[in-house]
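Structure, as structure tokens:
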Amino acid sequence: MQLQRELQRQQQVYKLNRFLDFEAILFLKKCDYRLIHSQTVIDTYFTLKNLWPDVFQDRNWAKSPQQQGILDTMIIMTLPKRTPEGSTIIFMKALNDKMVNYKLETFFKYVHLVCMLDVYQNGPPNGHIIVQDIQPFPASFVPKMEYGPFKKFFYYDYEVLPTIQIKGMHFFNSNPKKDDIVGVLESAALKSLLPLVLPHESVDDLVKHVPKECLPQDYGGLLDTSDALHEKSKSELLKNGAFFEWQDQLTVDESKRPANNTIAQNMFGFEK
1 MQLQRELQRQ QQVYKLNRFL DFEAILFLKK CDYRLIHSQT VIDTYFTLKN
51 LWPDVFQDRN WAKSPQQQGI LDTMIIMTLP KRTPEGSTII FMKALNDKMV
101 NYKLETFFKY VHLVCMLDVY QNGPPNGHII VQDIQPFPAS FVPKMEYGPF
151 KKFFYYDYEV LPTIQIKGMH FFNSNPKKDD IVGVLESAAL KSLLPLVLPH
201 ESVDDLVKHV PKECLPQDYG GLLDTSDALH EKSKSELLKN GAFFEWQDQL
251 TVDESKRPAN NTIAQNMFGF EK
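Read in the UniProt record's numbering, the sequence shown has 228 at position 228, and its numbers run on one by one without any break.
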């Protein structure tokens, strides 16, 4: 309740384009409350945000019908029940095998939108666990998984982004035809992430690692169905456009940086 009141207060200053107390708390939590490290991560966060506008701009999907197509192609959502350890589950699956509306940058944007909204609405979790059903993804999906952008994505999410803290990555319904998808993800992931990647052959194996009360009904869980939860998640994304527009405005003026930005020059091919 106290968090909700604070967020309501801060909503009044969205249009002021400034860094708020809640953001500072998120960065401190991301960095295990190490002040100097937090300052470095904040700098990196805003630098890379400027360098990747395809992912971190134009995030009010209520005003961008062309970006909404991915909502009918994939489910990416945070599930409403956190684990006993306080982690939020990020659930993903393809809705069809055509992937006609799939664009890599829109996929990254989708992940960040749902996680950001969950953190601001429900408070920061103790971590995030990715749960992905591999079965609906077609083999033709693999060429769309470009190594370079996924490398940036994993670095940004694991090292920098304050609204995501990856604690586990579970891929299930895997089979030889789908193993290439897991292979690309493993090759792009940071070394520190590799021990967190756990492929599972079936839901029965998944529920040994993720509590049933935290999963959708159609995946052996006790929550609502994945389709019903997806509809609620879509509704939340579309009705909170003003929040995402405010986030888009939180940028920095790189021209005022006193020295060359080595992060910008060296980060996986990003250019100034």
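Ideal Cβ placement from N, Cα and C applies to all residues, glycine included.
Close CB contacts of G220 within its chain, under the 8 Å cut and outside five residues either way in sequence, are with V203, D204, L206, V207 and K212 (chain order).
Annotation for L223: L79, P80, K81, E213, C214, L215, P216, Q217 and L229 place their beta carbon closer than 8 Å to its own, counting only its chain and skipping 5 residues before and after. Runs of beta strand (DSSP E) with 3 or more residues, each lying fully within the UniProt domain "CRAL-TRIO" (74 to 221), are found at 74 to 78, 87 to 94, 127 to 133, 166 to 172 and 197 to 200, listed in chain order. Taking C-beta separations shorter than 6 Å and ignoring five residues to either side along the sequence, the partners of F91 in its chain run M77, L79 and V131, following chain order. As the crow flies, the alpha-carbon of K167 is around 6 Å from that of G127. Only buried fits S226, as 16 or more other CB atoms lie within 10 angstroms of its CB. Comparing alpha-carbon positions, the option among E201, F153 and K103 lying closest to L193 turns out to be F153. As DSSP reads the structure, L20 sits in no beta bridge. Annotated as distal: Q67 and D248, with beta-carbon spacing of 8 Å or more. Nearest neighbour of K151 by Cα position, chosen from L161, D118 and S187, turns out to be S187. DSSP places G241 in the uninterrupted alpha helix (DSSP H) bounded by G241 to Q249.
Comparing alpha carbon positions, the residue from P125, E159 and H112 closest to R59 is H112. Residue environment analysis places D253 among the exposed positions, since fewer than 16 neighbouring C-beta atoms fall within 10 angstroms of its C-beta.
According to the DSSP assignment, Y33 belongs to no alpha helix (DSSP H), since it is labelled neither H nor E.
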